[in-house]
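Trainee: Every position in the sequence shown, counted from 1, becomes a number in the numbering used here once 743 is added.
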Amino acid sequence: MVVASLDAAKLAAVRAAVEAWFGGAVEATGVEATGDRDAGTGLLQAALHVGMQHTFEGCAARMRQLLLAGGSGSSAGGSGSSADGSAPARPDLLVAVECGVIPIVTHTTTSGHEVACVMVTDVASQRTRHAFSQTRPYPLAIVQEMARQGMSAAEVAEFCAAHYEKAELTCSHADQIRVCTQLVLSDLLPPQPRMSGAGPG
Numbered sequence: 744m745v746v747a748s749l750d751a752a753k754l755a756a757v758r759a760a761v762e763a764w765f766g767g768a769v770e771a772t773g774v775e776a777t778g779d780r781d782a783g784t785g786l787l788q789a790a791l792h793v794g795m796q797h798t799f800e801g802c803a804a805r806m807r808q809l810l811l812a813g814g815s816g817s818s819a820g821g822s823g824s825s826a827d828g829s830a831p832a833r834p835d836l837l838v839a840v841e842c843g844v845i846p847i848v849t850h851t852t853t854s855g856h857e858v859a860c861v862m863v864t865d866v867a868s869q870r871t872r873h874a875f876s877q878t879r880p881y882p883l884a885i886v887q888e889m890a891r892q893g894m895s896a897a898e899v900a901e902f903c904a905a906h907y908e909k910a911e912l913t914c915s916h917a918d919q920i921r922v923c924t925q926l927v928l929s930d931l932l933p934p935q936p937r938m939s940g941a942g943p944g
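1) My assumption, with CB atoms under 8 Å, is that V769 sits in contact with V761. Please give the rounded CB distance.
2) Contact defined as beta carbons within less than 8 Å: I believe L810 pairs with V844. What is the distance between those atoms, to the nearest angstrom?
3) Alpha carbons only, please: which of L749, F902, H797 and G778 is nearest the one belonging to M889?
4) In whole angstroms, what is the alpha-carbon distance linking E857 and G813?
5) Considering only their Cβ atoms, is the gap separating L836 from V866 smaller than 8 Å?
6) On the DSSP bridge assignment, give the partners of V881 in chain order.
7) Which of the three DSSP states, helix, strand or coil, is assigned to M862?
8) With 16 as the cutoff for other CB atoms within 10 Å, does S876 come out buried or exposed?
9) Please list, in chain order, all residues of the same chain as V757 whose beta carbon is under 7 Å from its beta carbon, the five residues on each side excluded.
10) Where does L951 fall in DSSP's three states?
11) With 16 as the cutoff for other CB atoms within 10 Å, does T797 come out buried or exposed?
12) Taking only three categories from DSSP, how would you classify L837?
13) Could you check whether R891 and D930 sit closer than 8 Å to each other, using their CB atoms as the reference points?
14) Just to confirm before moving on: does the CB-CB distance between D846 and M744 stay below 8 Å?
15) On the DSSP bridge list, what partners appear for G893?
16) Between which two residues does the alpha helix (DSSP H) holding A804 run?
As structure tokens, this is what we get:
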């Protein structure tokens, strides 16, 4: 399995989902890929996407990089790098994950809801499916104010990490990705024959 990200948390969540689905250990390789965020349409450039459509497009962009690299992800992101520096073998599954924020506007407030989009391609059949995760409350008003004050995306990310640690929500970011990945697998693959034995590469 190849995942279009070098983010350790994303890799761990995807691996946990696929291992639970297949009932066996899974080899997962992360490769560098981007969600085309440098177009400037994201919330704070190089940060989260805004809205479900833009989040989906970012996820699709990551998947497209894997597919253009022939499924191995060897040239995704243009660097050819993998998490362990090796050239990954042809995988059974390709996985892309992108996160975004859904703004909800009323007459008095604008609230934010963080969501993950997961896309999986089964290499053998060339079928692709995607889904969106359960949302989590996102401190959008505070992040907007940080942006107005000129704070960087890294500073915003640090704030959000601390915010969620204090919030102690029942749904974590890893939960979003893990459950959503299993949802996509249930739509993409026959559940029974492949639930036991070794997992895919």
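Note that the Cβ used here is the ideal one computed from N, Cα and C, for glycine as well.
Mentor: Let me lay it out:
1) 5 Å
2) The Cβ separation is near 27 Å, so there is no contact.
3) F902
4) 31 Å
5) yes
6) As written in the sequence, residue 881 is Tyr, which differs from the Val given in the question. BP columns for Y881 point to G855.
7) strand
8) buried
9) V746, A771, V838, V840, I920 and T924
10) In the structure as shown, the chain begins at 744 and stops at 944. Residue 951 is therefore absent and cannot be evaluated.
11) For clarity, residue 797 is His in the given sequence; the question names Thr instead. H797 comes out buried.
12) strand
13) no
14) The residue asked about is misnamed: residue 846 is Pro in this sequence, not Asp. No, these two residues do not count as a Cβ contact at 8 Å.
15) In DSSP, G893 forms no bridge with anything.
16) M795 to L811
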